[in-house]
């Protein structure tokens, strides 16, 4: 196949995303959550105390969609919302012990998916791929 007829990189990235999403869904669904809810929980694990709007940006959904996600995760006892001491109008969101436990229960399966996806890459190649993907994301975030 000539370079001119090869699939575009963005198309290939989307194919990988869809394949990963399907595999992740099979892992997290038995725990009673969706892939988007799992993403929100992993973001909160890394950045506790975010607002719903901040969480929406990090989880790649609209603020309106995140409100429903936060409501469902709160009702399931996986997160808690607390009024910010510095800004009484702002609510911060953090994982509960149950949320942390759920992520721990999913971790080995998620790690296995990642290991399978990149089994053909050396650790140097994995690091390079990670850097390239971060660079691409930053470039897109900085452009109008």
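Numbering (full-length UniProt numbering), first residue to last: 1 to 144.
Glycine residues also receive a C-beta, built at the ideal position from the N, C-alpha and C atoms.
Note that the structure is a prediction, hence the values are computed from the model and not measured.
Host beta strand (DSSP E) of residue i (start-end)
i	result
residue 93	91 to 95
Extent of the continuous alpha helix (DSSP H) to which residue i belongs
i	result
residue 79	Premise fails: residue 79 lies in the beta strand (DSSP E), 79 to 83, not in any alpha helix (DSSP H).
Proximal residues to residue i (C-beta, below 8 Å), its chain only, five neighbours per side dropped
i	result
residue 25	34, 35
residue 143	none
residue 32	76
residue 70	40, 52, 55, 79, 81, 93
Chain-order list of residues whose beta-carbon lies under 6 Å from that of residue i (same chain, five-residue window excluded)
i	result
residue 113	23
residue 121	none
residue 58	43
residue 99	41, 78, 79
residue 38	28
Chain C within 8 Å of residue i, Cβ atoms only
i	result
residue 107	The chain labelled as chain C is not found in the depicted structure, where only one protein chain is given.
Own chain, CB closer than 7 Å to residue i, minus 5 neighbours either side, in chain order
i	result
residue 7	none
Cβ pair count under 8 Å reaching 3, the stretch 61 to 73 against the stretch 117 to 137: no
Inter-stretch contact at 8 Å, needing at least 3 Cβ pairs: the stretch 47 to 57 / the stretch 86 to 103: yes
Complete runs of the beta strand (DSSP E) confined to the UniProt domain "HTH marR-type" (6 to 138) [at least 3 residues]: 79 to 83, 91 to 95
Contact between the stretch 96 to 105 and the stretch 5 to 21 (3+ Cβ pairs under 8 Å): no
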